[in-house]
Structures are given as C-alpha cells and as structure tokens.
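Engineer: Residue numbers (the numbering used here): 26 to 254. Using N, Cα and C, we set each Cβ at its ideal position, and we do this for glycine too. Just dropping this structure here.
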C-alpha cells in the first residue's frame, strides 16, 4: 500500500490517537506548527494554532471571571443575610414585653427581609392582653393552620383575599391575597402559630428568610412565654 493510500485510509480518530501517542512528532518540525491553520471558533475563516490557543485561554479566563463574580455576589449575599439575621436576633432579645416582641418582629422582618405582614396566634395559656399582630387563637384558625401545615409541608400557602383577612386580620390588602408561611410554636402543652405573609409567593419560596423560618420559630417559642409572664 502506498503512503498516499495509507494516509487516505486513516480517519480523524486514528490521527488523533497517533498524535496523542507520539508527542515527539513535532520535535524538529516547529515550522509545521506555525503553518497549521484551524477554524476560527467564533467567526468565519481560520487562525493559527497559537491564535486559537490564545482565544481558548481568553475564553477560559472569561468563564472563570464570571464564576468568580457569581461566587463574590453569593458571598456578599450570605454576609448580608448573616448581618440581618444577627440584628434580628439581637432586636428580639432586647424587646421588653410581649407587645414589643411582636412589633419588633414585624418591623425587623419588614425592613430586613421585605416581608409584608406577620401575625402571632397564641393559645389561651398566654393571658397577657393581646394587640395586633398578636391574636387569641380559636379552634377554627387552629384547624385551618394545622391542615395547611399538613398539606404543604413547610411550603408557602397560597391565600385568597378572604384567607388573608382571616389569618392576618389587621394586615389589610385590597382585592388580592398573597402567600403565607405558617410556623408552629410549641408553647408548653399548647401550640401557637407564627404567620409570615407576603404578596409575592416567590419571596417566601426563594427569599433569604425561607431557610430560617424553622430557627425563627424556635427562637419565638422560647421568647414568647418569657415576655408574656
């Protein structure tokens, strides 16, 4: 078989395999490397092997810079979330009395996490006077909240306008509902409920508070009996 016929019988995979297995092929053939032309990756025409490598490295650097930018943005968001959470905890610990605790929670969640409204439904074992957003828990709301917790498994509950007014009586919304995250509070032998509500379900589903509601419930479970004594 002639050299030409043997060459024509080779496919691309065989050529690639041979060159990979013989890295010394280009030793003494540097001029060949300079003569090689490769398709331009982003435009018509060809470029030299060196230019192609420069383009590939530049593209790789741009991707790495984008990843670094995303990581820096994520880190800044985590730092901001940590600062907001720390400030919220300090404010709750410093609140003097049941009303101050509820008002502090509502203000802090609104200012730091852009939450529209909250309600705290407390059992009859809490005998202190209750003012919005504190409310005495009745059987109807208890049944509704337990049913919502059972159905949605900690996911936001879509609220109609009527349901919004039922769960958040003083957080008025005209002609529309929203979504809520109900959090069960174990207060001795009875349960209370924290309702975190917003007009935008995505803020509850994906917002920074989403992963912290369980911790917030634990904190409120411990603070409510102390502030109501």
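Looking at residue 139 and residue 196, is the spacing between their C-beta atoms short of 8 Å?
Structural biologist: No, they are not a contact pair.
Engineer: Please name the residue or residues paired with residue 220 in a DSSP beta bridge.
Structural biologist: In DSSP, residue 220 forms a bridge with 144, 207.
Engineer: What is the residue span of the beta strand (DSSP E) that residue 183 lies within?
Structural biologist: Taken as a continuous stretch (DSSP letters only), the beta strand (DSSP E) holding residue 183 covers 182-184.
Engineer: Where does residue 57 sit, in a helix, a strand or coil, going by DSSP?
Structural biologist: DSSP places residue 57 in helix when its eight states are reduced to three.
Engineer: Name the two residues that bound the continuous beta strand (DSSP E) containing residue 137.
Structural biologist: Careful: residue 137 lies outside any beta strand (DSSP E), inside the alpha helix (DSSP H) at 123-138.
Engineer: Is it buried or exposed for residue 181, if we count other Cβ within 10 angstroms and need 16 for buried?
Structural biologist: Classification of residue 181: buried, given that the 10 Å Cβ count is 16 or more.
Engineer: Give the C-beta separation of residue 147 and residue 157 to the nearest angstrom, bearing in mind that I take them to be a contact with Cβ-Cβ under 8 Å.
Structural biologist: That belief does not hold up - the Cβ atoms of residue 147 and residue 157 are roughly 12 Å apart, past 8 Å.
Engineer: On the DSSP letters alone, give me the boundaries of the alpha helix (DSSP H) that residue 62 sits inside.
Structural biologist: Premise fails: residue 62 lies in the beta strand (DSSP E), 62-64, not in any alpha helix (DSSP H).
Engineer: Please state if the CB of residue 116 and the CB of residue 252 are separated by a distance shorter than 8 Å.
Structural biologist: Cβ atoms of residue 252 and residue 116: not closer than 8 Å.
Engineer: Is residue 220 closer than 8 Å to residue 205 when the C-beta atoms are compared?
Structural biologist: Contact flag set, yes.
Engineer: Span of the beta strand (DSSP E) holding residue 71?
Structural biologist: It spans 71-73 - the beta strand (DSSP E) in which residue 71 sits, taken as one unbroken run.
Engineer: Less than 8 Å between the CB atoms is what I'm expecting for residue 242 and residue 210, so what's the real figure, rounded?
Structural biologist: Their Cβ separation, rounded to whole angstroms, is 6 Å, which keeps residue 242 and residue 210 in contact under 8 Å.
Engineer: Let's test the definition: count the other Cβ atoms within 10 Å of the Cβ of residue 127 and tell me whether it reaches 16, buried, or not, exposed.
Structural biologist: Residue 127 is buried by the Cβ-count criterion.
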